[in-house]
Amino acid sequence: MKTVILTLTNPPELMLEGQNITPDNVAGKKAAEIAALDVWEGKQKSALGTYFAVAGDGGATAAETKIILRGDCTRVKRIGQQMTAGEIVIEGNADMYIGGWMKGGKIHVKGNVDSFCGIGMEGGELVIDGNAGHHLGASPRGEWRGMQGGLIRVAGSVGNDTATFINGGTIVIGGDADIHVSTHGEGGTVIIKGNAKGRVGGQMVKGNIYVYGTIENPLPGFQMVGEVEQEVDGETATFTHYIGDLGERHPTAKGKTVYANLYTRN
Amino acid sequence: MSELIIKNGFVVDPLQGIKGDRMDIGVKDGKIVETGTLSNPKTIDAAGMTVMAGGVDVHSHVVGPKVNVGRLFRPEDKLFKSPLKSPTCSRMEMGFSVPSTFKTGYDYARMGYVFVNEAAMPPLHSPHVHEEIRDTPIIDNAAMPVFGNNWFTLEYLKNNEIENNAAYTAWLLRATRGFGIKVVNPGGSEAWGWGLNCVNIHDPVPYFDITPAEIVKGLIETNEHLGLPHSVHLHCNNLGNPGNYVDTLESLKLAEGYAPKNDFGRKQVMHITHLQFHSYGGDSWGNFESKAKDVMDYVNAHDNLTVDMGQVTLDETTTMTADGPFEHHLCSLNHLKWANVDVELETAAGVVPYIYSPKVKVCTIQWAVGLELALFSKDLMRTFITTDHPNAGPFTRYPRVITWLMSRAARDATMKTFKWLDKTIDATSIDGIDRELTLYEIAQMTRAGPAQALGISNTYGGLAPGMDADIAVYALNPENMPSDPAMIEKAFSRCAWLVKDGVVTVRDGEVVAEPAKRTVWVDVKVPENAQVQRDIYEHFLRHYSVKLDNYSLFEEHLHNPRVIEVDATE
Ligand SMILES: [Zn+2]
Ligand SMILES: [Zn+2]
Numbered sequence: 004m005k006t007v008i009l010t011l012t013n014p015p016e017l018m019l020e021g022q023n024i025t026p027d028n029v030a031g032k033k034a035a036e037i038a039a040l041d042v043w044e045g046k047q048k049s050a051l052g053t054y055f056a057v058a059g060d061g062g063a064t065a066a067e068t069k070i071i072l073r074g075d076c077t078r079v080k081r082i083g084q085q086m087t088a089g090e091i092v093i094e095g096n097a098d099m100y101i102g103g104w105m106k107g108g109k110i111h112v113k114g115n116v117d118s119f120c121g122i123g124m125e126g127g128e129l130v131i132d133g134n135a136g137h138h139l140g141a142s143p144r145g146e147w148r149g150m151q152g153g154l155i156r157v158a159g160s161v162g163n164d165t166a167t168f169i170n171g172g173t174i175v176i177g178g179d180a181d182i183h184v185s186t187h188g189e190g191g192t193v194i195i196k197g198n199a200k201g202r203v204g205g206q207m208v209k210g211n212i213y214v215y216g217t218i219e220n221p222l223p224g225f226q227m228v229g230e231v232e233q234e235v236d237g238e239t240a241t242f243t244h245y246i247g248d249l250g251e252r253h254p255t256a257k258g259k260t261v262y263a264n265l266y267t268r269n
Numbered sequence: 021m022s023e024l025i026i027k028n029g030f031v032v033d034p035l036q037g038i039k040g041d042r043m044d045i046g047v048k049d050g051k052i053v054e055t056g057t058l059s060n061p062k063t064i065d066a067a068g069m070t071v072m073a074g075g076v077d078v079h080s081h082v083v084g085p086k087v088n089v090g091r092l093f094r095p096e097d098k099l100f101k102s103p104l105k106s107p108t109c110s111r112m113e114m115g116f117s118v119p120s121t122f123k124t125g126y127d128y129a130r131m132g133y134v135f136v137n138e139a140a141m142p143p144l145h146s147p148h149v150h151e152e153i154r155d156t157p158i159i160d161n162a163a164m165p166v167f168g169n170n171w172f173t174l175e176y177l178k179n180n181e182i183e184n185n186a187a188y189t190a191w192l193l194r195a196t197r198g199f200g201i202k203v204v205n206p207g208g209s210e211a212w213g214w215g216l217n218c219v220n221i222h223d224p225v226p227y228f229d230i231t232p233a234e235i236v237k238g239l240i241e242t243n244e245h246l247g248l249p250h251s252v253h254l255h256c257n258n259l260g261n262p263g264n265y266v267d268t269l270e271s272l273k274l275a276e277g278y279a280p281k282n283d284f285g286r287k288q289v290m291h292i293t294h295l296q297f298h299s300y301g302g303d304s305w306g307n308f309e310s311k312a313k314d315v316m317d318y319v320n321a322h323d324n325l326t327v328d329m330g331q332v333t334l335d336e337t338t339t340m341t342a343d344g345p346f347e348h349h350l351c352s353l354n355h356l357k358w359a360n361v362d363v364e365l366e367t368a369a370g371v372v373p374y375i376y377s378p379k380v381k382v383c384t385i386q387w388a389v390g391l392e393l394a395l396f397s398k399d400l401m402r403t404f405i406t407t408d409h410p411n412a413g414p415f416t417r418y419p420r421v422i423t424w425l426m427s428r429a430a431r432d433a434t435m436k437t438f439k440w441l442d443k444t445i446d447a448t449s450i451d452g453i454d455r456e457l458t459l460y461e462i463a464q465m466t467r468a469g470p471a472q473a474l475g476i477s478n479t480y481g482g483l484a485p486g487m488d489a490d491i492a493v494y495a496l497n498p499e500n501m502p503s504d505p506a507m508i509e510k511a512f513s514r515c516a517w518l519v520k521d522g523v524v525t526v527r528d529g530e531v532v533a534e535p536a537k538r539t540v541w542v543d544v545k546v547p548e549n550a551q552v553q554r555d556i557y558e559h560f561l562r563h564y565s566v567k568l569d570n571y572s573l574f575e576e577h578l579h580n581p582r583v584i585e586v587d588a589t590e
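Chain order of the listed sequences is A and B.
Quick note on the working numbering: the first sequence kicks off at 4 and runs consecutively.
Quick note on the working numbering: the second sequence kicks off at 21 and runs consecutively.
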């Protein structure tokens, strides 16, 4: 695997649209060619090299390419958008849409990220050591085909509207989640190891949510059906099991109605 | 103004019966002229290319409130689907199935179209319709107000007061700057206000106690009494359901015994739109099948009818119609988002996204039904290409529809992608049809025919001297048609040249100028009618949420009008 190091030496005045910073776009390119990739500051297009010092060449394919971003990328958006393979390490913070529509590969952010990270995700892994903003792993606005697969792991807390319309994949949140989790979900799993604020699983059809802490305002559309012991994210624990959202339509499989499951840890 | 000569092209103009002769077309002051009258024209070399009149779309949903709801509630229709701003256009473009107004105008122009008839204007919201017409560049627009569920219409027709209904119709056309009489699910959208529908033409409307059959016949009589340029334009009852061809045939029979009365060259008394959605057999989705042959046999035998296809294009699209109950029904089938509105005394509407997938049997049968309608047609001057944009697919797929009609190989290639090919072949006739339409027939279906049916063939749809200089040149040589059907699609997607009102508007598929567009509407003079005046006053006093004085379109909403005047005082 070859490594490309991008160091933000000349920070943008506005947000920088960095959707070209992916192993797919960098693969097969020399440092100078990478520096010539398009980025946008507002509507002004310029070269990546205007803002970043580029060291190292890309690998032959995306899978053989690793990108390391240094410097304060708090205002660099869309890193790793639509990437299919390879690796990105962001050594500090990053802005919105990190790993959006990602299909494969791995992104590791050592700081915090803003909203819309991992939206429309289809595969791969997005690991955030700090906190994430709103709409983590959610569907893009208006879209009913949300997260399809892959893994998002946030060590800290997240904002609201996590995993809207989730269809598959897993989101693990180490801290707390604000309102709206898995709204309209039709598959996938969200694990909240801290507390959830409320509206957890609203209009959910299928899929699983685990909350280890408390839910400040649980929804009336979920009904307790019993207690279960389950292994979740490598540890076994007992959970209270609820099904819902009873106000929503539910499919049948093998003659039985399929509900979404909400588990709270005992 | 400048002069143009379009030289050496193969001219295809069904209105004049010109079938690909090598001719020159002269343009002066925005009109087509005899080439001998030109003094110093600029030359467009059309050698080896096909020259047609600018395209005319008889039925498309491009402006107004429900279109805009589609735009607003489908941001995902723009995501990764919007082009970067063209350097030669003045405005950004967005969206796929419900494009922005700007993209709508540009894309129609790129395909060589110059006139688009907005198929459903809710009268109360006509200001919004006209504001969007103004914002849709290049193409001339007309808009048809909906009458089939209007309280005035229902009351007059129940009492068989054709003259009063005609006076009201004339008033509403003027109030909305409308073009003609649109009828959507007659009675059914009013019934929807009660949570009901009219699923066949004998199903009475709640409270009004009039049947869809009586509404349609009454509106045909009204239309011919007034002598409007266009005929009644009908979206039949029971759209989209297995077995509905029976209801469709009954609806078609309503026109029997009526003859067109107008001064505009129109030959039909009823236009039936998106016929594909109404030509289904079977009694469930399991035994769903095509009845296109039965329906077209009837249409072929009755020359007082015109139809358009409503061709399914196998895309993800956005359905939108004044057929409120249908959209609710559709939403309960696909569980996607649904918008619904009731427009007071006039109409209703719904919007639901829909995916016509080549993996779904019903969708691929629908695809075949649409093509069969055209391929079974014996008169393509009465059978028009539409996708009921965006209901069965976006209008930007017309070039693909043309290609399917012109090429059996193109149809076969698409059918190879079907998951349920054998079942589709069993349920339809498409695999047994070898017919390939000619460029002349395509010109009939996309300009000459629609222009004649709309009653505007003195201005649009042809290339005779005196007509608007709206000319599309396609990079297709009729003497040497490409063997690869994809080249046909490419040529019709991006015309080589479009001249609109004498201005070179598109060149090599790119919009290079944005000449002034027009709003075409119909102003009918009728005798003074005190009763109708009083009825209008009373209804606005008692039932409308707006005052009469605020209802009619204000002059400033009307953009660059072209008025078609009709005198119905005799
Ligand atoms: Zn319709
Ligand atoms: Zn329509």
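Idealized CB from N, CA, C, for every residue including glycine.
Should residue i be labelled buried (16 or more other beta-carbon atoms within 10 Å of its own) or exposed?
i	result
F100 (chain B)	exposed
K46 (chain A)	exposed
W104 (chain A)	buried
M112 (chain B)	exposed
N478 (chain B)	buried
D587 (chain B)	exposed
W517 (chain B)	buried
D536 (chain B)	Note that residue 536 (chain B) is Ala in the sequence shown, not Asp. It is exposed - the Cβ of A536 (chain B) has fewer than 16 other Cβ atoms within 10 Å.
Q553 (chain B)	exposed
E251 (chain A)	buried
L259 (chain B)	buried
P581 (chain B)	exposed
K520 (chain B)	buried
E585 (chain B)	exposed
N60 (chain B)	exposed
Y557 (chain B)	exposed
S120 (chain B)	buried
T539 (chain B)	buried
List the residues that DSSP assigns as beta-bridge partners of residue i.
i	result
D399 (chain B)	Note: D399 (chain B) sits in no beta bridge, so no partner.
C76 (chain A)	A:A97
K545 (chain B)	B:D587
I246 (chain A)	A:Q226 and A:N264
Thinking C-beta only, is residue j closer than 7 Å to residue i?
i	j	result
H563 (chain B)	H150 (chain B)	no
D555 (chain B)	R194 (chain B)	no
S146 (chain B)	L474 (chain B)	no
G121 (chain A)	L139 (chain A)	yes
V175 (chain A)	D236 (chain A)	yes
V134 (chain B)	G74 (chain B)	yes
Y300 (chain B)	P262 (chain B)	yes
G215 (chain B)	L177 (chain B)	no
V76 (chain B)	Y480 (chain B)	yes
G168 (chain B)	I221 (chain B)	no
M141 (chain B)	G84 (chain B)	yes
W541 (chain B)	R197 (chain B)	yes
A224 (chain A)	G247 (chain A)	Before going on, a small fix: residue 224 (chain A) reads as Gly here, not Ala. Result yes, Cβ atoms of G224 (chain A) and G247 (chain A) sit closer than 7 Å.
G90 (chain B)	T341 (chain B)	no
Taking only beta carbons into account, state which residues of the segment 237-266 of chain A come closer than 8 Å to chain B, listed in chain order. Residues R252.
Against chain A, which members of the segment 88-122 of chain B pass a CB distance test of less than 7 Å? Only F93, R94, P95, E96 and L99 from the segment 88-122 of chain B bring a Cβ to less than 7 Å from some Cβ of chain A.
Counting only Cβ-Cβ distances shorter than 8 Å, please list the residues of the segment 351-365 of chain B near chain A, keeping chain order. Against chain A - using a Cβ distance shorter than 8 Å - the residues of the segment 351-365 of chain B are H355, L356 and K357.
Could you name the residues of the segment 144-156 of chain A whose beta carbon sits closer than 7 Å to any beta carbon of chain B, in the order they occur along the chain? If the cut-off is 7 Å between Cβ atoms, the segment 144-156 of chain A has R144, G145, E146 and W147 near chain B.
Complete runs of the beta strand (DSSP E) confined to the segment 287-363 of chain B [at least 3 residues]: Correct list: 290-292, 325-328, 336-341 and 359-363.
Run through the segment 168-192 of chain B for me and flag every whole alpha helix (DSSP H) of 4 or more residues, listed as ranges in chain order. Here the runs fully enclosed are 171-178.
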